[in-house]
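One structure is given here, and the rest of the page talks about it.
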Amino acid sequence: MASNYTENYALCQWESTDQVQRTDFNADNAKIDAALDTLAGQVAEKADTSLFTTLSGTVNTLSATHNARVYISSYTGNGTASR
583 MASNYTENYA LCQWESTDQV QRTDFNADNA KIDAALDTLA GQVAEKADTS LFTTLSGTVN
643 TLSATHNARV YISSYTGNGT ASR
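Residue numbering for the sequence shown follows the working numbering, starting at 583 and increasing by one per position.
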């Protein structure tokens, strides 16, 4: 078992006298997997926001040149079945 751990994710840091165990690696891999999944979700959300901003600008330009009113909004749900 590791006697030291990293500061941010508490991943195992073994000393030369520590006994290395498979369960330590599995626990570290689960932490890394969860952190990467969270990061991937944040990147995807940011990409969606950028696309919305670009589309909004394009629609605003078109509506200004064609004398039309266009309203754009967004909704972020809370994950429940009913809205």
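Even glycine gets a Cβ: it sits at the ideal position worked out from N, Cα and C.
Residue i versus residue j - alpha carbon distance
i, j, result
"tyrosine 657", "serine 638", "15 Å"
"serine 598", "alanine 584", "10 Å"
"glutamate 627", "valine 602", "38 Å"
"alanine 622", "phenylalanine 607", "22 Å"
"aspartate 600", "asparagine 586", "10 Å"
For residue i, the three-state DSSP class (helix, strand or coil)
i, result
"asparagine 586", "strand"
"glutamine 624", "helix"
Reference residue i; option with closest CA among the options
i, options, result
"threonine 635", "Tyr587, Ser655 and Gly623", "Ser655"
The region 587 to 595 touching the region 618 to 629, judged by at least three CB pairs closer than 8 Å:
Touching, no.
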